[in-house]
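The next block holds one structure in the form of structure tokens; read it before the comments.
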Amino acid sequence: MSTKEDSALAKLKPQTNLSISLDGFEPLYDQAPDGKQLGLPQLAKVAVGILTWPIAQLSKSERFKKHSVRKLITDGETTTAIEWEVIPDPNLGMPTMLSLRLLFAFCKLATEYKKQTGTRPNWLPIPSWNQLCQQLGIEATGGNRVLLKHHLNILHSTLVSSKRAFKTNSKAEGISDKFILIPSIK
């Protein structure tokens, strides 16, 4: 690891032994046509994509049920099916808006790291739970730290299936794959 990467890690002030895999965050690091890094505007596109295709469940009574969206797009003579399905962990349930706020905080940390080092790490060390509470604008109490750990586990165990649905570029066809929002925690 270079000195530049070491100083960037120090600025993130990781005080936990946890880090998350950045395997699902590649769209944040796509290059613009002029070769410049897209950074926060790209993060906004990912956020719009996440809000377009629902991941979070707002209803407590529905939090253990999968939800699906299917759209048929007709372009001239061809009809294309676009499908989106979110499958919750049977014990933890669906992500909520707090889960998404935590996911966006990780996206922001990954973007800051990329900006500081010029490289995308395979693993992103997460800051202390107190710092995450502060970043999310919630009080850093023991209960809130436990709540954030719980929502990290929800993000780690929610399966998303996309068939041409999730896009980060208006010209892209859309991702057709199954993925987990936070694929690995170590």
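Numbering-wise, the sequence shown is residues 116 to 301 according to this note's numbering. Heads up, the beta-carbon is just placed ideally off N, CA and C, and yes, glycines get one too.
On a Cα-Cα basis, can you pick out the residue from the options that is closest to residue i?
{"i": "Pro298", "options": "Gly233, Trp238, Ser243, Tyr228", "result": "Trp238"}
{"i": "Gln172", "options": "Val201, Gly258, Ser291", "result": "Val201"}
{"i": "Lys293", "options": "Ile300, Ile269, Leu274", "result": "Leu274"}
{"i": "Leu217", "options": "Gln231, Trp199, Asn259, Trp168", "result": "Asn259"}
{"i": "Gly289", "options": "Thr193, Glu198, Thr234", "result": "Glu198"}
{"i": "Asn268", "options": "Ser214, Pro236, Val184, Thr193", "result": "Ser214"}
{"i": "Val261", "options": "Ser276, Asn245, Gly233", "result": "Asn245"}
{"i": "Ser243", "options": "Lys264, Arg178, Ser176", "result": "Lys264"}
Going straight from the alpha carbon of residue i to that of residue j, what length do you get?
{"i": "Arg336", "j": "His182", "result": "Any question about residue 336 goes unanswered here, given that the chain covers just 116 to 301."}
{"i": "Pro210", "j": "Phe219", "result": "13 Å"}
{"i": "Leu296", "j": "Leu207", "result": "14 Å"}
{"i": "Cys222", "j": "Gly257", "result": "24 Å"}
{"i": "Pro240", "j": "Thr194", "result": "44 Å"}
{"i": "Pro203", "j": "Leu251", "result": "23 Å"}
{"i": "Ser277", "j": "Lys175", "result": "24 Å"}
{"i": "Arg178", "j": "Lys229", "result": "34 Å"}
Kindly indicate the opening and closing residues of the alpha helix (DSSP H) around residue i.
{"i": "Thr226", "result": "212–232"}
{"i": "Gly257", "result": "257–272"}
{"i": "Asn245", "result": "244–251"}
With respect to the beta strand (DSSP E) encompassing residue i, which residues constitute its N-terminal and C-terminal limits?
{"i": "Ser183", "result": "182–190"}
{"i": "Ile202", "result": "193–202"}
{"i": "Leu239", "result": "238–240"}
Grouping DSSP H, G and I as helix and E and B as strand, with all else coil, what is residue i?
{"i": "Leu173", "result": "coil"}
{"i": "Arg279", "result": "strand"}
{"i": "Ser291", "result": "strand"}
{"i": "Ile297", "result": "coil"}
{"i": "Ala125", "result": "Interpretation of Ala125 is limited by its pLDDT of 43, a score under 50 that renders its predicted location unreliable; the figure taken from the coordinates is listed afterwards. Here Ala125 sits in helix by DSSP."}
Following a CB-centred definition, is residue i positioned closer than 8 Å to any heavy atom of the ligand NAP?
{"i": "Ala280", "result": "The ligand content of the structure shown is nil, which means the ligand NAP is not present either."}
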